[in-house]
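Taking the numbering used here, the leading residue of the sequence shown gets 5, the next gets one more, and so forth.
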Amino acid sequence: MLVDKIKIQKEILDESDYAIPSYITDNLKYPLYDWQRTALENFLINEKQRSKQLKKSEMLLPNHLMFNMATGSGKTLVMAALILYYYKQGYRNFIFFVNQNAILGKTQANFIDTKHTKYLFKENVVIDCRRVVFREVDMFSDFCDDIQIKFTTIQKLHNDIYKESENSVLLSDLQKRDIILFGDEAHHLNASTIKKKQTTLSDDISFIGELKDSAKEEDIERSWEHTVCHCILNKDGKNQNKNNNALLEFTATVPNTPEVLQKYEDKIIIKFELKDFVEAGCTKHIRLVRSNLTLKERILQALLLHWYRYRIALKAGIPNFKPVILFRSKTIEDSKADCGKFIALCKSVTASDFNFIHNLSKITIPADDSIPSLYTVDGNIFERILVYLKEDEYSFENIVDYIRENFQERTIIITNSKTNKTKKEKTDSEIDRLLNSLEDYDNHIRAIFTVQRLTEGWDVLNLYDIVRLYTGRDTDTKKHKAGTSTTSEVQLIGRGVRYYPFAYNDMPVSRRKFDDDIRNELRILEEFYFHSDEDHRYINELSNELKNKGLMTEKRTQKIFPVKPKQQQMLNGMYLFVNDRIENSERRLKKLPDDFQNLPPFEYRITTNPYSEIRTVDFQKDDAYLAVASGHFNTKSLIFFDIPIHIKYKAIHRLNANAASYYSFENILRRFNVQSMEEFFDFIKDVRIMLTHDTDKYENIPNKKMLEMCENFFTNLQSKLEKFDNPYKGTDFRLVKFSDMFSFNQQKGKVCFTKEKLIFIDEQASETQENKTLEKELQTADWYALDAFWGTSEERNLIQFIKDRKSNLLANYDSFQLLRNEEVYKIFDFDTGRGFQPDFLLFLHGKTGNPNAYYQVFIEPKGRFLAGDDNDGWKQDFLEEIAKRYGKEHAVIERNSSYVLIGLPFFNTEDIEMKRRFNKSFEQLYCPY
C-alpha cells in the first residue's frame with residue numbers, strides 16, 4: 005500500500021525533505037494536529053517522488069490519492085492546506101464535489117465565507133507577497149489569478165456536463181484546463197467497483213443520461229466513478245502526457261472489499277481511522293444509558309444532564325456553552341408527533357416530575373455486564389448532581405425554569421422541511437444553516453428531532469445527548485449483522501462524539517483534558533450520553549458495533565494513583581514551594597524589540613502592466629524566475645515611515661472590518677505602550693520594506709497597489725510581533741503548608757493528590773509487563789510515595805536511576821521520597837506564565853550537618869526529540885532558572901527549617917549530552933551544605 009511505502013521512505017529521509025512549507029502553516033487559521041501534519045508530509049513525499057519520475061520522462065497517470073481520515077479528524081483543514089500548496093504550484097481551478105447539498109453548504113463556509121466561524125484560512129492569505137483571494141465560481145475564467153472553486157454535487161456536475169446548457173460548465177472546457185478535484189465522502193466513488201467488481205474504469209465508461217431528481221441511488225453513485233474519474237480526471241484518455249490534473253479523495257470509510265482495496269493499493273496516502281482518533285483524545289467519551297424508565301422519565305433524565313452540563317460550564321467560565329440534545333424517532337410521522345409531545349412536556353413539567361432521580365443515584369452495574377464499565381452509567385453521575393444541587397443551593401424548581409426557558413418551539417428543529425412531500429427526510433437551506441452552526445453564539449437551537457437525515461456529512465461539536473424514542477431492533481438474523489437502525493445510530497453517535505473545544509488552564513483546547521482526572525466535575529463536558537430502553541439484545545448489538553468502529557475499546561482501564569498512608573502523613577507536615585500565574589503588568593511593549601533590527605525586510609512585488617514569466621518549480625527551495633517577456637522592474641528600499649499616512653489608515657480600517665483583527669485599537673492599547681494609532685505607526689516606523697515595482701518611479705505606483713502592499717505588510721508584521729507578546733508571567737515561588745492547599749480525597753477548595761485516570765493497556769505489549777513488575781516493586785519501597793505506577797520507558801529509567809543511587813542519597817540525607825506528579829501540581833514559567841507539571845518531585849530531608857534542611861527537586865524525564873527549542877526546550881530553561889534563583893545559596897527559612905528549591909536539567913538516557921548534564925547536576929546534591 006502507498007502509505008506503507010511512504011512510511012519506509014520517511015525513515016531514511018531528512019525531516020527537511022518533507023517539511024510543511026510556511027506558506028501553508030502561516031495562512032491556515034488553525035494549527036495542524038499530528039495526523040494532519042502526517043497526511044501533508046506523506047503527500048509532499050509522494051509529490052517529490054512524482055517530480056523525480058517526471059524528470060526522467062516517465063509516463064505518469066494523473067495524480068489520484070485517497071486520504072482515509074476519521075470523521076471529525078479535520079479532513080477539511082487538510083484540503084485547505086492542499087489548496088494553498090497547489091496555488092503555489094500555479095493551479096487556479098478547483099472543483100469540490102460531494103453527494104449531498106448539505107455537505108456542500110458547510111464546505112463553502114469553510115473555504116469562502118471569511119465571516120463564518122468555521123472559515124479555515126487566516127484573515128489575510130499571503131503567498132509570494134501577494135494577497136490570495138478565494139472565489140466561488142460556476143465557470144472558470146482565463147482572466148482571473150485568484151483561487152476559483154466550483155462547489156457542486158456529483159448529480160449537478162454530471163448533468164451540467166451532459167446537458168451542456170447555457171451558463172453551465174462544459175466538458176470540453178474542463179478538459180483543456182489543469183484542475184484539482186476534491187471528492188468528499190468519497191466512499192460513494194466506489195459504488196460500481198463494489199457492485200460490479202470492476203477493476204478498471206474503462207469497463208463501463210458510457211454516459212447514463214441525465215440524472216433526474218427521481219434517479220435511483222445506484223445511477224447517482226455510478227456517475228461518481230464515470231464522470232469524475234474518466235471524463236474529467238483522465239480527460240477521456242486524451243493527451244495524457246500533458247494531463248496535470250489531480251483527484252484527491254477524502255473519506256472516513258474505505259469499503260473493506262478485495263476490489264476496493266486493490267483499487268486503492270497505490271492511492272491511500274494516510275490511514276487515520278476512528279480508533280486512532282479516539283485514542284488521540286479528540287473525541288468525547290461515550291456513555292450508554294439504558295434504563296427501564298418511562299419514555300417521559302428518559303427524556304427528563306437527558307434534560308437534567310443538559311442543565312447540569314450548562315451549570316458546570318458556567319461555573320468554569322466557559323463562554324457560549326450551549327449543549328444540544330438529539331431525539332431520534334422511527335419514522336417522519338413519529339418525529340413530528342414526538343416533537344409536539346416534547347414541547348407540551350417542557351411547558352407542563354414540574355419539580356415533582358424529577359423525584360425519580362433519587363432512585364437513579366442508587367443504581368449499580370453488575371460486575372459481569374457485557375459492556376465495559378467505562379462506557380456505562382451507574383448512579384455516580386446522578387449522585388454527583390444531587391450533591392451539586394445541595395451544595396450550590398439549587399432545587400428541581402431551578403431546573404424546571406431552565407427547561408421552560410431553553411426548550412420552546414423556536415429552539416427546536418425537525419430535520420424535515422415543511423414543504424417536503426416525499427417519504428424521505430429533506431431539509432431546506434435554513435435548516436442546513438442552523439444544523440451546521442449549532443456552536444455559534446447566535447444559534448438558538450437546543451433540541452433536534454430526526455430519523456435518518458444526520459448520519460453523514462454533519463459537523464457538530466456541542467451534541468451531548470441522543471435519546472432513542474422507540475424500542476425494538478431490526479437485526480439481519482440471516483447474515484448475523486446489525487440492523488440498519490443500529491448502524492444509523494452508530495453513525496449518529498460517531499457525529500456526536502466530536503470533541504467540543506474549550507480552554508481550561510494551560511491544557512490543549514481541542515483534546516480531552518480529564519482522562520487523567522476522571523473525578524473532575526468538568527469531565528461531564530467530555531462525555532457523550534446515549535439514552536435507550538433496557539433491551540439487552542439491542543444494547544449488546546449497539547455495543548458490538550461501537551467496538552467494531554473503534555468508538556469503544558476495552559484497552560482503556562480506570563486506574564487510581566493514591567499516595568501511601570505513611571507518605572500522606574509526611575507530606576501533610578511539609579511545606580511546599582508553589583507559584584502562580586498572574587497578568588503581566590509590563591506586557592505593553594515600550595519599544596520595538598532589538599531582534600527586529602536583524603529581521604530581513606518585508607519583500608513585496610507590485611505589477612501594474614501585463615507581463616509573462618517563466619519559472620522553474622524547485623521542491624528544495626524557492627522557485628526561480630528564468631525570464632520575463634515584458635515589463636521592467638525597479639527596486640525601492642523603504643521603511644514603514646515612508647508609506648503615505650492615508651494608505652496606512654485605510655489599510656488598518658480594512659483589516660479591522662474583522663472584529664477579531666489584531667490591529668483593532670483595543671488590541672493595540674493592550675499590547676503596546678501607545679495612546680493612539682498615530683503613536684503605533686511611530687512605534688513601527690523603522691521596520692524595513694523591499695519593494696519591487698514595474699512603474700517608472702516609486703511615486704507613480706497606484707494607491708490601490710500601495711494599499712494592497714500595506715495590508716500584506718501588516719499581516720506579515722503581526723506574525724513577528726506576536727512572538728514578543730506575553731500577557732502573563734509567573735510569580736516568585738513561596739512556601740505553603742501542604743495540607744493548606746492539597747488533600748488526598750475530594751475536598752472543596754483543595755487540590756486532590758489522589759488521581760483516577762484512564763489509561764490504555766495492551767496485555768501483549770512488553771511495556772505493560774514492565775510497568776506491572778515495577779509497580780509491584782514500588783508498592784513495597786518506602787521511598788516511593790504513590791501506591792501505583794504506570795509510565796513511559798524514560799520514567800522507568802529514572803526510577804531505576806534513583807534506585808541505583810539510593811545508598812548515595814541516604815549517606816547524605818536522613819530520608820528521601822520520590823513523588824510522581826500525576827498532573828496535579830503545576831508551576832508557571834517566570835517570563836510567560838506558561839504552565840508546567842514536572843513529572844517527579846524528589847524530597848530530601850535532614851542533610852548532613854543540618855537536620856532541619858529540606859530539598860524540593862523538580863525532575864522531568866524527556867525524550868530527546870521533545871527537548872529542543874521547538875517543543876519543550878522552554879521547560880528546561882525554566883528549570884535551570886529555578887536552580888539559579890533558588891538553590892543551595894538561596895535557602896528559605898520557615899519555622900527554623902531551611903527549604904531549598906532546585907530544578908534539574910531534563911533526564912534522558914539516550915542522548916549523551918543530556919545524560920552528562922543531568923548526572924552532573926544530580927551529583928551536586930551530594931556536595932556538602
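Note that the Cβ used here is the ideal one computed from N, Cα and C, for glycine as well. All values reported here derive from a predicted model rather than from experimental measurement.
Inset, instruction - Compute every distance between the C-beta of Ile158 and the non-hydrogen atoms of the ligand MG, then say whether any falls below 7 Å. - result: By its list of ligands, the structure shown contains no ligand whatsoever, and the ligand MG lies outside what it can speak to.
Inset, instruction - Could you give the DSSP three-state label for Ile497: helix, strand or coil? - result: helix
Legend entry - Environment of Asn466 [buried if 16+ CB atoms lie within 10 Å]: buried
Legend entry - Segment limits, alpha helix (DSSP H) that includes Asp405: 400-410
Inset, instruction - Grab me the residues of Ala317's own chain with a C-beta within less than 7 Å of its C-beta, minus the 5 sequence neighbours each way, in chain order. - result: Phe325, Leu529
Inset, instruction - Starting from Glu587, follow the beta strand (DSSP E) in both directions and report where the run begins and ends. - result: 585-587
Legend entry - Chain-order list of residues whose beta-carbon lies under 7 Å from that of Gly795 (same chain, five-residue window excluded): Asn775
Legend entry - Identity of the residues DSSP links to Arg609 by a beta bridge: Thr696
Inset, instruction - Please report the residue range of the alpha helix (DSSP H) in which Ala341 lies. - result: 336-352
Legend entry - Met5 to Phe47 span [Cα, whole Å]: 14 Å
Legend entry - the stretch 525-540 in contact with the stretch 287-302 per 3-pair CB rule at 8 Å: yes
Inset, instruction - Thinking Asp182 and Asn97 are a contact (beta carbons under 8 Å), I'd like their distance in whole angstroms, please. - result: 7 Å
Legend entry - Local conformation of Ile705 per DSSP, three classes: coil
Inset, instruction - Tell whether a beta-carbon distance below 8 Å holds between Thr490 and Leu546. - result: yes
Legend entry - Beta bridge counterpart(s) of Phe101 as assigned by DSSP: Thr156, Gly187
Legend entry - Under the three-state DSSP convention, the category Cys756 falls into: strand
Inset, instruction - Give a yes or no on whether the minimum CB-CB distance between Gly554 and chain C is below 8 Å. - result: Checking the listed chains, one finds no chain C in this structure; it contains a single protein chain.
Legend entry - Leu3 versus Arg921 - alpha carbon distance: In this structure the chain extends from 5 to 933, so residue 3 is not present and cannot be described.
Legend entry - Helix, strand or coil at Gln562 according to DSSP, with G and I counted as helix: strand
Inset, instruction - Might you give, ordered along the chain, the residues of its own chain that have their beta carbon closer than 7 Å to the beta carbon of Leu908, omitting 5 neighbours on each side? - result: Val861, Phe862, Ile863, Leu883, Phe922, Ser925, Phe926
Inset, instruction - Out of Arg800, Cys148, Ile49, Gly734, point me to the one whose CA is closest to Lys879's CA. - result: Gly734
Inset, instruction - Work out the CA separation of Arg134 and Ala451 for me, nearest whole Å. - result: 45 Å
Inset, instruction - For Met70, count neighbouring Cβ atoms within 10 angstroms of its own Cβ and tell me buried if that reaches 16, exposed if not. - result: buried
Legend entry - Rounded Cβ spacing between Leu526 and Tyr508 (contact assumed at less than 8 Å): 7 Å
Inset, instruction - Report all residues from its chain with a CB closer than 7 Å to the CB of Tyr314; omit the five preceding and five following residues, and keep chain order. - result: Phe325, Pro327
Inset, instruction - Please state if the CB of Ile522 and the CB of Ile497 are separated by a distance shorter than 8 Å. - result: no
Legend entry - Host alpha helix (DSSP H) of Pro35 (start-end): Looking at the DSSP string, Pro35 is not in any alpha helix (DSSP H), and its letter there is neither H nor E.
Inset, instruction - Taking all protein chains shown into account, decide if Asn638 is buried (16 or more other Cβ within 10 angstroms of its Cβ) or exposed. - result: exposed
Inset, instruction - Spell out the partners DSSP gives Tyr817 in its beta bridges. - result: Lys851
Legend entry - Beta-bridge pairing of Ile3 - partner residues as DSSP gives them: Missing from the structure shown is residue 3; the chain here goes from 5 to 933 and no further.
Legend entry - Where Asp164 falls, given that 16 or more other Cβ within 10 Å makes a residue buried: buried
Inset, instruction - Could you give the DSSP three-state label for Thr118: helix, strand or coil? - result: coil
Inset, instruction - Counting only runs of 3+ residues fully inside the stretch 275-317, write out the beta strand (DSSP E) ranges in chain order. - result: 289-295
Inset, instruction - Tell me, please, whether the stretch 404-420 touches the stretch 333-343 by the rule of three or more beta-carbon pairs shorter than 8 Å. - result: yes
Inset, instruction - Starting from His650, trace the alpha helix (DSSP H) both ways and give me its first and last residue. - result: 649-659
Inset, instruction - Compute the Euclidean distance between the alpha carbons of Asn296 and Asn363, then round it to the nearest angstrom. - result: 12 Å
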